[in-house]
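**Student:** To start, I am sharing the structure in question, which I have written as structure tokens.
There are 2 protein chains.
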Amino acid sequence: MKQPERVIYFAGSIRGGRDDHAIYAHIIEKLKKFGRVFTEHVGSADLTAGGESGSPRDIHDRDLNWLKSSDIVVAEVTTPSLGVGYEIARATEWQKPVLCLFRAGTGRTLSSMISGCPGVMVREYTTVADTGEILDDFFLGLRRDGE
Amino acid sequence: MKQPERVIYFAGSIRGGRDDHAIYAHIIEKLKKFGRVFTEHVGSADLTAGGESGSPRDIHDRDLNWLKSSDIVVAEVTTPSLGVGYEIARATEWQKPVLCLFRAGTGRTLSSMISGCPGVMVREYTTVADTGEILDDFFLGLRRDGE
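For the protein sequence lines, the chains are A and X, in the order given. All residue numbers for the first sequence refer to numbering that gives the first Met the number 0, where the first residue is 0 and numbers rise by one. All residue numbers for the second sequence refer to numbering that gives the first Met the number 0, where the first residue is 0 and numbers rise by one.
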């Protein structure tokens, strides 16, 4: 019998700032090797820091439904974002495996709420090309843990 | 018998950026009228975006213990912050009343994860002087709800 497809929730900054949207798009492309990505719009150049139209409550509930029904959460956490922090807390509340990717060399330091959160794996990278190997290792580790 | 003192957790950006630390300090001063504020260091000019020293896990666990044992959470959410978003999610998971203060006129828009979260009350303000009345209303409402 065919295995159900793995579903991945990708989280990146929207209203916190869109400086890294092209990096999000690259990571989302790489993630497609491992499953279906619910939140492909997060990488779109058309999505600005004004966010999506629609009521905040509808957006909140839609995103949380996606998050709840996903198997794995991957977040890019270099640009600070209230929404991404919120989603990481919910994902760990619901015991989803969470991988956070943090870009070195920007002068930023990552929040201790994220880097010190049990249930979150943080991996630093330098260029987006490095993230391929990090993702390979992370998904291989999940298989070993009997995901 | 004397009522036990109300305990307030104040959340503001640290590693997300310290542009608003003076505003946090003003809000913390106003909050002292309503109870004990656990996290007074968040308003300190000495605390930089490098954050506190110490292991991330220790900082995470200390802050979550403070959050868990607080009665009310007040967050300033103008500067995007992963840690503040994370703390708001935990506070609503634990059914704490949460007030978020968002400054108008900065060109930013607030994350839908915060403005659309049931259990979070968002109030816009223009100058820090306005926050006094917002806090009065919020704490009066809590008393009416039989906090």
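Every residue gets a Cβ at the ideal spot worked out from N, C-alpha and C, and that includes glycine. These numbers come from a predicted model, not from an experiment.
1. Compile a chain-ordered list of the residues in the region 38–64 of chain A whose CB is closer than 9 Å to at least one CB of chain X.
2. Note down, in chain order, each residue of its chain lying with its Cβ closer than 7 Å to the Cβ of A:V119, except the 5 sequence neighbours on either side.
3. Evaluate the contact criterion for the region 33–51 of chain X versus the region 101–112 of chain X: three or more CB pairs, one atom per stretch, below 8 Å.
4. DSSP three-state call for A:L100: helix, strand or coil?
5. For A:D18 and X:G16, I'd like the C-alpha separation in whole angstroms.
6. State the Cα-Cα distance for the pair A:G11 and A:H20, rounded to the nearest angstrom.
7. Identify, in the order they occur along the chain, each residue of the same chain with its Cβ nearer than 7 Å to the Cβ of A:I22, setting aside the five sequence neighbours on each side.
8. Please classify A:S110: is it buried, with 16 or more other beta-carbons within 10 angstroms of its beta-carbon, or exposed?
9. Please list, in chain order, the residues of the region 79–92 of chain A that have any C-beta partner in chain X closer than 7 Å.
10. If we cut at 8 Å on Cβ distances, does A:L109 have a partner in chain X?
11. Pick helix, strand or coil for A:V76, following the three-state DSSP scheme.
12. Indicate whether X:G53 and X:R14 have their beta-carbon atoms separated by less than 8 Å.
13. Considering Cα atoms alone, identify which of X:D62, X:L46 and X:K67 is closest to A:G115.
14. Quick one: give me the first and last residue of the alpha helix (DSSP H) that A:I133 is part of.
15. To which residues of the same chain is A:K67 closer than 7 Å at the C-beta, ignoring the five residues directly before and after it?
16. Would DSSP call X:A44 helix, strand or coil?
17. Determine, using beta carbons only, whether A:G15 comes closer than 8 Å to chain X.
18. X:E132 to X:L139, Cα distance in whole Å?
19. Between A:S69 and chain X, is the shortest Cβ-Cβ distance under 8 Å, so that the two count as touching?
20. Pull out every residue of the region 114–134 of chain X whose Cβ sits closer than 8 Å to any Cβ of chain A, in chain order.
21. Is the beta carbon of A:V73 closer than 8 Å to that of A:F9?
22. Given this structure, state the Cα-to-Cα distance separating A:T47 from A:R122, to the nearest angstrom.
23. Considering only C-alpha positions, which residue in the set X:I26, X:R142 and X:G34 is nearest to X:R5?
24. Rounded to whole angstroms, what's the CA-CA distance from A:L30 to A:T125? Just pull it up for me.
25. Roughly how far, in whole angstroms, is the beta-carbon of A:I71 from the beta-carbon of A:I7, given that I think they are within contact range, below 8 Å?
26. Contact defined as beta carbons within less than 8 Å: I believe X:P79 pairs with A:P79. What is the distance between those atoms, to the nearest angstrom?
27. Which residues in the same chain have their Cβ closer than 8 Å to the Cβ of A:L141, if we skip the five residues on either side of it in sequence?
28. At what residues does the beta strand (DSSP E) containing X:S6 begin and finish?
29. Please check if any C-beta of chain A sits within less than 8 Å of the C-beta of X:V73.
30. Between A:Y85 and X:L81, what straight-line distance do the alpha-carbon atoms span, to the nearest angstrom?
31. In angstroms with no decimal places, state the Cα-to-Cα distance between A:P27 and A:F37.
**Tutor:** This is what the structure gives:
1. A48, G49, G50, E51, G53, S54, P55, R56, D57, I58, H59, D60, D62 and L63
2. I87, T91, V97, C99 and I113
3. no
4. strand
5. 16 Å
6. 8 Å
7. E75 and V127
8. buried
9. P79, S80, L81, G82, V83, G84, Y85, E86, I87, A88, R89 and E92
10. yes
11. coil
12. no
13. X:D62
14. T130 to R143
15. W93
16. coil
17. yes
18. 10 Å
19. no
20. S114, G115, C116 and P117
21. yes
22. 26 Å
23. X:G34
24. 18 Å
25. 5 Å
26. 5 Å
27. I71 and P96
28. The question names Ser, but residue 6 of chain X in the sequence shown is Val. V6 to A10 is the span of the beta strand (DSSP E), which, as asked, contains X:V6.
29. no
30. 7 Å
31. According to the sequence as given, residue 27 of chain A is Ile; it is not Pro. Roughly 10 Å separates the two Cα atoms.
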